[in-house]
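Asks:
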Amino acid sequence: MSFLTSVTSKLGYESIPASIAQKSFYELKATLPGGKVLDFSRFKGKPVLIVNTASKCGFTYQYTGLEELYKAYNDRGLEVLGFPSNEFGSQEPGTDEDIASFCQLNHGVTFPLMKKSEVNGKNMNEVFAWLKAQKGAGVEGIAGTTAIKWNFTKFLVNKEGVVVGRYGSSTKPEKLKEEIEKLL
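Rendered as structure tokens:
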């Protein structure tokens, strides 16, 4: 890998394959702990909030807010999906089982947590590659790039599978209530 390729990848100028970018939201899949595959076709007609998470981060308290959103709106269709990642300050060092246990015991998390994966770079999971292709640059991206800059970046997807919002780590889950209610 050349120096330029390395730097641009770290800054979020990663090459997102057209085969992923051109998919619909409902064609995506994610891996759950244990290797089971979650097919996003099950989310047709539902708004979905997708968040990269970490258990040892200054924003970890947001798990509680995410669970509150899930409990308040899941019966009306909202899905919340957590994607643990150890990319930022090694703040998610545990196994998938450790993560699930921590989240349940400390924050009462009942929404699905995916298998720990990367959200930036050449090994990023398909879901975050797609999300960044749809709503990459902006206020939250590093220097206008597509990169996820820290844990607890949030993407809100409407009932039609369109990304309608990207929110940085400092946006608390409860601040999304109004946007979520518009989508229900």
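In case it helps, numbering that gives the first Met the number 0 puts the sequence shown at residues 0 to 183.
By construction, the Cβ of each residue, glycine as well, lies at the ideal position given by its N, Cα and C atoms.
What you are looking at is a predicted structure, and each value in this text was computed from that prediction instead of being measured.
(1) Say whether the stretch 45-57 touches the stretch 71-91, bearing in mind that this needs 3 or more beta-carbon pairs closer than 8 Å, one atom from each stretch.
(2) Between which two residues does the alpha helix (DSSP H) holding residue 126 run?
(3) Flag residue 72 as yes if its beta-carbon sits less than 9 Å from any beta-carbon of chain D, otherwise no.
(4) So the beta strand (DSSP E) residue 30 belongs to, where does it begin and stop?
(5) Just to confirm the assignment, what range does the beta strand (DSSP E) spanning residue 52 have?
(6) Let me check understanding here. Comparing Cα to Cα, which of 59, 71, 16 lies closest to residue 90?
(7) Kindly indicate which three-state DSSP category residue 77 falls into: helix, strand or coil?
(8) In this structure, how does DSSP classify residue 16 when only helix, strand and coil are distinguished?
(9) Output needed for residue 61: all residues of its chain with C-beta closer than 6 Å, excluding positions within five of it in sequence on either side, in chain order.
(10) I want to know whether the stretch 66-75 touches the stretch 20-33 - three or more CB-CB distances under 8 Å.
(11) Classify residue 164 as helix, strand or coil using the three-state DSSP reduction.
Replies: Answer, in terms of the structure:
(1) Verdict: yes, contact present.
(2) 125-133
(3) Protein chains in the displayed structure number just one, and chain D is not present.
(4) 28-30
(5) 47-52
(6) 59
(7) In the structure shown, residue 77 sits in coil (DSSP, three-state: anything other than H, G, I, E or B).
(8) Residue state, collapsed to three classes: coil.
(9) Around residue 61: 151, 172.
(10) no
(11) strand
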